[in-house]
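Only one structure is covered here, and it is reproduced in the block below.
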Amino acid sequence: KISPLEVDAVLLKHPAVAEAVCFAFPDQKYGEVVHAAVVLKSTARPEDIQAFCREQLAAFKVPERIHVADKLPRTATGKIQRRHVAAAFAEKA
């Protein structure tokens, strides 16, 4: 079991990441794998963010894919809506 808050915290430590949320993504082999959506404050490649995560997290916690977004959906109180992010990227797959 992976703590999404732990992965989110590592993503947010990356100097180019302004906002981040990880989520479970359906996978035929494993059932689910970790993906993440980020809003960037400066230029960065998804591969660079993954490499940064590999230095901070166990291999199974590193997002398989980093999706770059312009903004992340939020509730009225400002919390990122993890389920909406996951659903949006599942539809694009």
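Take the sequence shown: its position 69, counted from the start at 1, is 70 in the numbering used here, and no numbers get skipped. Ideal placement from N, C-alpha and C gives every residue a C-beta, glycine not left out. Keep in mind the model is a prediction, meaning the values are calculated, not measured.
Range covered by the alpha helix (DSSP H) that runs through residue i
i     : result
Arg66 : Arg66 -> not in any alpha helix (DSSP H); beta strand (DSSP E) instead, spanning 66-69.
Pro47 : 47-57
Counterpart residues of residue i in DSSP-defined beta bridges
i     : result
Arg75 : Ile81
His36 : Phe24, Arg66
Leu41 : Val18
For residue i, three-class secondary structure by DSSP
i     : result
Val8  : helix
Ala19 : strand
Reference residue i, options the options, closest by Cα
i     : options             : result
Ala89 : Tyr31, Phe26, Arg46 : Phe26
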